[in-house]
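Trainee:
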Amino acid sequence: MDFRDIAAPRARAALLHVAALSEGPALDPGPRITLNFHPDRLVRWLPILRALAEDGVYHSQFVTGTSNGGLTAHPGGDRQRWESRIFGGAYDDAAAAERPVYGALNFRRQVVGAAPRFGSSHFRLTGAVLARTTFCYPDSAAEPGDFGVAARMSLVALAEADHQDALNDYIEAQVHAGVVLDRDVEALVLDASYRGTSVETAARLLPCPVEWHPGYRLTVADLYRHADYRGREYVDLGARIAEDGRIDPRIIGDAARTGRHELQDLKMVWHTLARFGAPEGAGTACFREVADGAATVAAGGAVTVAADGAAREAADTACSREAVGSSAMVAVPSPDTALSSETADSSDSALSSGAAYSPGAAYSSGAVASEE
610 MDFRDIAAPR ARAALLHVAA LSEGPALDPG PRITLNFHPD RLVRWLPILR ALAEDGVYHS
670 QFVTGTSNGG LTAHPGGDRQ RWESRIFGGA YDDAAAAERP VYGALNFRRQ VVGAAPRFGS
730 SHFRLTGAVL ARTTFCYPDS AAEPGDFGVA ARMSLVALAE ADHQDALNDY IEAQVHAGVV
790 LDRDVEALVL DASYRGTSVE TAARLLPCPV EWHPGYRLTV ADLYRHADYR GREYVDLGAR
850 IAEDGRIDPR IIGDAARTGR HELQDLKMVW HTLARFGAPE GAGTACFREV ADGAATVAAG
910 GAVTVAADGA AREAADTACS REAVGSSAMV AVPSPDTALS SETADSSDSA LSSGAAYSPG
970 AAYSSGAVAS EE
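Here's what the structure looks like:
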């Protein structure tokens, strides 16, 4: 494990440093690294997908100056300090373009990607990228002490045994030596809310297949049910930007581009949508159905039938656990039938058929519809 095939000396030094800190068995080659992001945002006033089409390279926030998380990638910033610690100083005086790109390992095989807190859509990278990726758990912002590389990977077992909020339940991945779209990307997977929009048009310019997942959506009524998740002020903002009594990623993106709202505030709206409005096949999903006026709540294999109030309480409990990738399934009575398996229009019905896309090992639930 000398990483001789890594030509970039800083990347090789970083990989060697993390490998020395890692332990455990080799990583299952089936799960992919995903780069979750918001595909309708702007990078230096250019739509991000058009910028990617022109450049052909997915850059870190040290280059773009933008982020789906915190903005600390600058000299003296937290991101630079974290990288210095994790990679043994390998990138301390590196140019911005030399630094690693951040994603997550989709060991839960979610149709929405490994770390949806950072965006509704994602690039799914090829299996070959695993060999030049380092990993940590938890997120590098938490100053972790557990690390991995493809040949020594104890982090999956660690994450599976942990209890995190679903939006924090991911193994961070740092991809070294660049992400070139026509070399390193298997597919761009978009949220269904972007069908027929300028995002889809721009996506068709990229040198990779375009796929779709069923899409995030949440009614305003359900948004208010979870006002304590990120705060009432963000729920109120979500209600103000809602269309036809619901929010989805496209609606949040449209609001972001108006310039009338703080992006940090919209990020909190997105977190609430991502946590409670996920489609089937996402670990945060709460699946809904009504049977004889009662709700069936299945969590970890246990099935009970409860009255409406009790069912809602059970649903909230189950959805607040780390149910990502488990068999936990919650059915909540609701007048809103647009969640989970139903899609935006009948043309998307194939997305909820249960047919799973399979790179190596199958994406275990839900469906990703592919369009070359």
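Counting from 610, one number per residue, gives the positions in the sequence shown under my numbering. Beta carbons are placed, not taken as given, at the ideal position from N, Cα and C, and that holds for glycine.
1) Between which residues of its own chain and leucine 658 is the CB-CB distance below 6 Å, once the five residues before and five after are set aside?
2) In whole angstroms, what separates the C-alpha of glutamate 663 from that of glutamate 692?
3) Please report how far the alpha carbon of arginine 726 lies from the alpha carbon of asparagine 777, in whole angstroms.
4) Can you tell me where the beta strand (DSSP E) with glycine 713 in it begins and where it stops?
5) Out of curiosity, what's the CA-to-CA distance linking arginine 621 and glutamine 689?
6) Could you tell me which of Thr867, Leu799, Glu889, Val844 sits nearest to proline 858, measuring between CA atoms?
7) Taking buried to mean at least 16 other C-beta atoms within 10 Å of its own C-beta, is tyrosine 833 buried or exposed?
8) Roughly how many whole angstroms lie between the Cα atoms of alanine 766 and threonine 867?
9) Assuming valine 844 and valine 784 make a contact with CB atoms under 8 Å, what is their CB distance in whole Å?
10) Ends of the alpha helix (DSSP H) at alanine 782?
11) What's the C-alpha gap between glycine 890 and histidine 822?
12) So phenylalanine 732 packs on tyrosine 667, CB below 8 Å; how close in whole Å?
13) Just the Cα atoms here: how many angstroms apart are isoleucine 856 and arginine 650?
14) Measure the CB-CB distance between alanine 660 and valine 652 and report whether it falls below 7 Å.
15) Any idea what DSSP makes of isoleucine 615, helix, strand or coil?
16) For the candidate residues Glu752, Ile861, Gly757, whose alpha-carbon lies nearest to that of glutamate 632?
17) Quick one: is glutamate 842 buried, meaning 16 or more other Cβ sit within 10 Å of its Cβ, or exposed?
18) Could you tell me if glycine 854 is buried or exposed, where buried requires 16 or more neighbouring beta carbons within 10 angstroms of its beta carbon?
19) Rank Pro638, Asn715, Ala786 by C-alpha distance to the C-alpha of isoleucine 615 and give the top, closest one.
20) Do you know whose CA, among Tyr838, Asp831, His870, lies nearest leucine 846's CA?
21) Name the residue from Pro638, Ala887, Gly892, Val721 whose alpha carbon lies nearest to the alpha carbon of arginine 761.
22) Since I believe alanine 759 is in contact with alanine 782 (beta carbons under 8 Å), could you give me their beta-carbon distance rounded to a whole number of angstroms?
23) I need the DSSP call for glutamate 889, collapsed to helix, strand or coil.
24) Between leucine 827 and leucine 882, is the Cβ-Cβ spacing less than 7 Å?
25) For the alpha helix (DSSP H) that contains leucine 644, what are its first and last residues?
26) Check whether the Cβ atoms of leucine 734 and isoleucine 642 lie closer than 7 Å to each other.
27) Do you know offhand how far aspartate 748's Cα is from arginine 613's?
28) Here's the rule: buried if 16 or more other CB atoms are within 10 angstroms of the residue's CB, otherwise exposed. What is proline 709?
29) May I have the straight-line CA-CA distance separating valine 788 from alanine 724, to the nearest angstrom?
30) Measure the C-alpha to C-alpha separation of glutamate 769 and alanine 705 and round it to an integer number of angstroms.
31) Cutting at 7 Å between CB atoms, please list the residues of its own chain near leucine 714, excluding the five before and the five after it.
32) Around the Cβ of alanine 629, are there at least 16 other Cβ atoms within 10 angstroms (buried) or fewer (exposed)?
33) Among Gly886, Gln670, Glu852, Ala865, whose alpha-carbon lies nearest the alpha-carbon of histidine 835?
34) What residue does the alpha helix (DSSP H) around alanine 766 start on, and which one ends it?
35) Using DSSP's beta-bridge definition, name the partner residues of glycine 757.
36) Closer than 6 Å: is that where the CB of alanine 737 sits relative to any heavy atom of the ligand ZN?
Mentor: According to the structure shown:
1) Correct list, in chain order: Pro648, Ala811, Ala812.
2) It is roughly 28 Å from the alpha-carbon of glutamate 663 to the alpha-carbon of glutamate 692.
3) Spanning the two alpha carbons is a distance of roughly 8 Å.
4) Note that residue 713 corresponds to alanine in the displayed sequence, not to glycine. Counting along the chain, the beta strand (DSSP E) containing alanine 713 begins and ends at 710 to 714.
5) In a straight line, the C-alpha of arginine 621 is about 18 Å away from that of glutamine 689.
6) Scanning Thr867, Leu799, Glu889, Val844 for the CA closest to the CA of proline 858 turns up Leu799.
7) Classification for tyrosine 833: exposed.
8) Threonine 867 has its alpha-carbon roughly 43 Å from the corresponding atom of alanine 766.
9) The C-beta distance from valine 844 to valine 784 rounds to 35 Å, too long to meet the 8 Å contact threshold.
10) That residue, alanine 782, is in no alpha helix (DSSP H); its beta strand (DSSP E) goes 780 to 784.
11) Between the alpha carbons of glycine 890 and histidine 822 lies a distance of about 9 Å.
12) About 7 Å; that satisfies the 8 Å criterion.
13) In a straight line, the C-alpha of isoleucine 856 is about 17 Å away from that of arginine 650.
14) The answer is yes: Cβ separation under 7 Å.
15) Here isoleucine 615 sits in coil by DSSP.
16) The shortest Cα separation from glutamate 632 among Glu752, Ile861, Gly757 belongs to Gly757.
17) Exposed: under 16 other Cβ atoms inside 10 Å.
18) The residue in question, glycine 854, is exposed, as its Cβ has fewer than 16 Cβ neighbours within 10 Å.
19) Proximity to isoleucine 615 across Pro638, Asn715, Ala786 peaks at Ala786, based on C-alpha coordinates.
20) If we check each option's Cα against that of leucine 846, His870 comes out closest.
21) When C-alpha distances from arginine 761 are compared across Pro638, Ala887, Gly892, Val721, the shortest belongs to Pro638.
22) Alanine 782 to alanine 759, Cβ: 10 Å. No contact.
23) Coil.
24) Yes, the pair counts as a contact, with Cβ atoms nearer than the cut-off.
25) Note, leucine 644: premise wrong, no alpha helix (DSSP H); beta strand (DSSP E) at 642 to 646.
26) In terms of Cβ geometry, leucine 734 and isoleucine 642 form a close pair [threshold 7 Å].
27) Rounded to whole angstroms, aspartate 748 to arginine 613 spans 28 Å at the Cα level.
28) Buried is the call here.
29) C-alpha separation (whole angstroms): 18 Å.
30) Between the alpha carbons of glutamate 769 and alanine 705 lies a gap of roughly 34 Å.
31) These residues qualify, in order along the chain: Pro640, Ile642, Ala723, Phe744, Ile780, Ala782.
32) Per the 10 Å Cβ criterion, exposed.
33) Of Gly886, Gln670, Glu852, Ala865, the smallest CA-CA separation from histidine 835 is found for Gly886.
34) If you look at alanine 766, you'll find it in the alpha helix (DSSP H) that goes 764 to 770.
35) According to DSSP, which records beta bridges pairwise, glycine 757 is partnered with Phe744.
36) Because no ligand of any kind appears in the structure shown, any question about the ligand ZN cannot be addressed here.
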